[in-house]
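For reference, the structure discussed in these notes is given below.
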Amino acid sequence: MRREELLAYCLGKPGAWLDRPWEADEVVKVGSKIFAFLGAPDSQPRVWAKCGPDRVVADEWLHRFPGEATAAPYLGRYGWNALRLDGSIPDEDLLDAVDGSYDAVLARLPRRERP
């Protein structure tokens, strides 16, 4: 999957919007919370997504896709993984990860911030 395709998919979610909080790094938010980290456009094509409520559940991705999925730096203990877009992870699984991340973040938003 190409980065541009995944970005378009993320932005198609209800209430999703693009933000650049750190220089060229791009993230997609719903309300005030990030549900997908995409990094800089010229960086290695990856998406960071919340792949479970904790590290135990998120580790299933690491076992299914060794070398293609890694615990996200700084956020890994909260269930976030970095998933390669140009590797062997099927597009459907990448989209499922984004969907799950969006749903998890949306569920924790205050009502006033929900789309």
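Using our numbering, the letters of the sequence shown correspond one by one to residues 38 to 152.
Using N, Cα and C, we set each Cβ at its ideal position, and we do this for glycine too.
Exercise for the section: Let me know the secondary structure DSSP gives Leu75 once reduced to three states. Expected result: Here residue 75 refers to the residue found at position 38 when the sequence shown is read from its first residue. Leu75: strand per DSSP, three-state reduction.
Practice task
Can you have a look at Glu83 and say buried or exposed, based on whether 16 or more other CB atoms are within 10 angstroms of its CB?
Solution key: Stepping through the sequence shown from its first residue, residue 83 is reached at position 46. The amino acid occupying residue 83 in the given sequence is Arg; Glu does not appear at that position. Classification for Arg83: buried.
Practice task
Using the Cα positions of Ala45 and Ser138, report the straight-line distance between them to the nearest angstrom.
Solution key: Counting from one through the sequence shown, the residue named residue 45 turns up at place 8. Counting from one through the sequence shown, the residue named residue 138 turns up at place 101. Roughly 16 angstroms between the two C-alpha positions.
Handout entry: Cα-Cα separation between Trp117 and Pro152, rounded to whole angstroms
Key = Working through the sequence shown from its first residue, we reach residue 117 at position 80. Working through the sequence shown from its first residue, we reach residue 152 at position 115. Answer to the nearest angstrom: the Cα atoms are 23 angstroms apart.
Problem - Alpha carbon of Glu183 to alpha carbon of Cys47, nearest angstrom - result: This structure cannot settle anything about residue 183, because the visible part of the chain is limited to 38 through 152.
Handout entry: Own chain residues within Cβ distance below 6 angstroms of Trp85, not counting five before or after
Key = To locate residue 85, count along the sequence shown from 1; it is residue 48. If we look at Trp85 and ignore the five residues flanking it on each side, its Cβ neighbours are Phe74, Ala109, Trp117 and Ala119.
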